[in-house]
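Let me begin by presenting the structure, written as structure tokens, before commenting on it.
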Amino acid sequence: MTGSQTLARGLTALQLVAGSPNGLTMQQVADQVGVHRTIAYRLLATLTQFRLISKGEDGRYRPAAGLAVLGSSFDHNLRQLSLPTLRALADELGTTVSLLVAEGDEQVAIAVIVPTQVAYQLAFHEGSRYPLDRGAAGIALLAGMRPRPGERDLVVATRERGWVMTYGEIEPNTYGLAVPVRRVAPSPPTCINLISHREDVVLRGKDAVIKAAEQLSTLLS
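For the sequence shown, position 6 (counting from the first letter as 1) is numbered 6 according to full-length UniProt numbering, and the numbering increases by one without interruption.
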């Protein structure tokens, strides 16, 4: 097994453990990575040694404090700094809100917040990736960049008015509204996104999302 292959498997194991709310056993990691238990043991032992994961009394591996420290280094702790604003916005509007950044030709969800007092809501996983040129969030992120040849008219319009609403571009029958968070380089383009099956919920939340984006822009500057 080459060094690059070992690294890839180790990172895959780390992603699996980090994404499992209840933790994973060594056998589950071995099965999902596609390796023998012996190799899975070595991968998990190394990750444990670096305090990125820890083994509980139930034999399951879960994220450890070292992973939180590592994650906080992304863009000057962007996610943690944004959470209070996003939580307040989600609870005020009663719908899911998220924070996304542009990475290459993709949009990546850094935080996804579901309102606390609502029984049913649309949601998606943190770390989810989608094409940068689709959906309200992608359009808002592009609007936060310099103009590009051949960009959609919607990007130009968003750059002028400061917000965008789309329908069904990422998920069928779903409305999305996004507002760019103004930041200075080299910080990645960032936006707040709101999603709902109901158009009235999205339209009603526009001013609140704009206000939250302005708050984050000030906080992160």
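Even glycine gets a Cβ: it sits at the ideal position worked out from N, Cα and C.
Check: Sorted by chain position, which residues of the same chain lie with C-beta nearer than 6 Å to Arg79's C-beta, five sequence neighbours on each side aside?; Outcome: Ile110, Ala111
Check: What residue does the alpha helix (DSSP H) around Tyr41 start on, and which one ends it?; Outcome: 37-49
Check: Between which two residues does the alpha helix (DSSP H) harbouring Gln32 extend?; Outcome: 26-33
Check: How would you write the range of the beta strand (DSSP E) that Leu177 sits in, first residue to last?; Outcome: 175-181
Check: Sort Leu11, Thr166, Asp31 by Cα distance to Ala194 and report the nearest one.; Outcome: Before going further, note that residue 194 is Leu rather than Ala in the sequence given. The residue with the shortest Cα to Cα distance from Leu194 is Thr166.
Check: Count the other CB atoms within 10 Å of the CB of Glu199; is the residue buried (16 or more) or exposed (fewer)?; Outcome: exposed
Check: Would you mind working out which of Leu14, Ile39, Asp153, Ala8 sits nearest Leu70, comparing C-alpha positions?; Outcome: Leu14
Check: Compute the Euclidean distance between the alpha carbons of Glu169 and Arg159, then round it to the nearest angstrom.; Outcome: 19 Å
Check: Can you tell me where the beta strand (DSSP E) with Ala102 in it begins and where it stops?; Outcome: 97-103
Check: Where does Pro84 fall in DSSP's three states?; Outcome: helix
Check: Whose C-alpha, out of Arg161, Gly135, Ile139, Thr46, is nearest the C-alpha of Asp207?; Outcome: Arg161
Check: Name the one or two DSSP bridge partners that Ile53 has.; Outcome: Pro63
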